[in-house]
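Going left to right, the sequence shown walks through residues 1390 to 1547 as my numbering numbers them.
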Amino acid sequence: MMKVSQKDVLDERTFFYNEPFAKRVEYILSKQTFYNYESAYRMGQRVGFHGNNGTFKPKDTTLFAKASLKTFFEQTAEPLPHIECKNDETDGITYRLPKAYSRDDVYNKICEKMVAVNMTPISKAAFENIWKKDFPNYGIHNSSAFAKCAQCIYFMNM
């Protein structure tokens, strides 16, 4: 791949590699726009022109975090088919993690898995976005299963 530099700018025209097979396209770009497109290309994104951002390729860390979170949910969450999930993108069943877990605990487990395979852990905000967008039907129990009646509390305290 040939490096595109500012020296290639002639009369405000810049050659920019838009396709992975290094097809040169000539556009009139400002200096900042040129560097934005060059940066996006290096990150593997195909950015369109005239305000079209194109489709963004997710980072490997994001894909790994999604896969780890899905595996974690499949192993630990219990389905509650009597509670309907109103999101159209899910199977309609709500799943709940045990009360012993919190979102911070799940985040720490995912980060530990990522560090174990020499990946940079995702940020807490990215983790929350993944949970909100990709797993809206998963949650955490609000109360313990033993907190339902006096007899259960008695057995729990024994």
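Backbone N, C-alpha and C define an ideal beta-carbon position, used for all residues, glycine too.
None of the values given here were measured: they were computed from a predicted structure.
By the Cβ test, the region 1506 to 1517 is not in contact with the region 1461 to 1470, since fewer than three Cβ pairs between them sit closer than 8 Å. The Cβ atoms of Ile1511 and Thr1450 lie closer than 8 Å to each other.
For Tyr1484, the enclosing beta strand (DSSP E) has its first and last residue at Ile1482 to Leu1486. At least 8 Å separates the beta-carbon of Asn1526 from that of Ile1499. In the DSSP assignment, Tyr1424 falls within the unbroken alpha helix (DSSP H) covering Lys1420 to Arg1431.
Secondary structure at Tyr1490: coil, using DSSP grouped into helix, strand and coil. It is roughly 11 Å from the alpha-carbon of Leu1458 to the alpha-carbon of Arg1492. Of the residues assessed, Glu1501 falls on the exposed side of the cut-off, its CB having fewer than 16 other CB atoms within 10 angstroms. Pairing Gln1434 with Phe1445, the inter-Cα distance amounts to about 5 Å.
DSSP places Ile1529 inside the beta strand (DSSP E), whose first and last residues are Tyr1527 to Ile1529.
It is roughly 17 Å from the alpha-carbon of Lys1420 to the alpha-carbon of Arg1431.
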